[in-house]
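Student: Dumping the structure here so I can ask a few things about it.
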């Protein structure tokens, strides 16, 4: 399985967590690849995602296409999409300026909708 700089970075939260289980092999099987490829995280979003939705994505994130897809598919009447310019996926976890920007969007959204 190919890992890109954008998705897995040494010292990031994903790398240590993936190694914590003592019998984890550290690779993906061919069988699991088929399950991963056909998985649709937003299956039925058109029907069930009706609550207010705030999406935050980095402009350089390899996963941004999934945020675009979710925004397009969500049936919520109150859906918002904020793009953090210059951020990749992992920057939204530990890039201080990028996280601060995300929080500046998320905090008011939660105050208004919760």
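Residue numbers (my numbering): 945 to 1058. From the three backbone atoms N, C-alpha and C, an ideal C-beta is built for every residue, glycine too.
(1) With respect to the beta strand (DSSP E) encompassing residue 998, which residues constitute its N-terminal and C-terminal limits?
(2) By alpha-carbon positions, which one of 1045, 1030, 998 ends up nearest to residue 1058?
(3) Nearest by alpha-carbon distance to residue 985: which of 1003, 996, 1009 is it?
(4) Taking 6 Å as the limit between beta carbons, can you name the residues of its chain near residue 991, skipping five residues before and five after?
(5) Buried or exposed, going by whether 16 or more other CB atoms sit within 10 Å of the CB of residue 1005?
(6) At a cut of 8 Å, does the stretch 1045-1056 reach the stretch 1018-1037 through at least three beta carbon pairs?
(7) Is residue 1032 buried or exposed, if buried means 16 or more other CB atoms sit within 10 Å of its CB?
(8) In this structure, does DSSP put residue 1088 in helix, strand or coil?
(9) Considering only their Cβ atoms, is the gap separating residue 1018 from residue 993 smaller than 8 Å?
(10) Look at the alpha carbon of residue 980 and the alpha carbon of residue 987, and state the distance between them as a whole number of angstroms.
(11) Tell me which residues share the same chain as residue 1011 and place their Cβ nearer than 6 Å to its Cβ, disregarding the 5 neighbours each side in the sequence.
Tutor: The structure says:
(1) 997-1002
(2) 998
(3) 1009
(4) none
(5) buried
(6) yes
(7) buried
(8) Limits of the chain in this structure are 945 at one end and 1058 at the other, which puts residue 1088 out of reach.
(9) yes
(10) 14 Å
(11) 999, 1001
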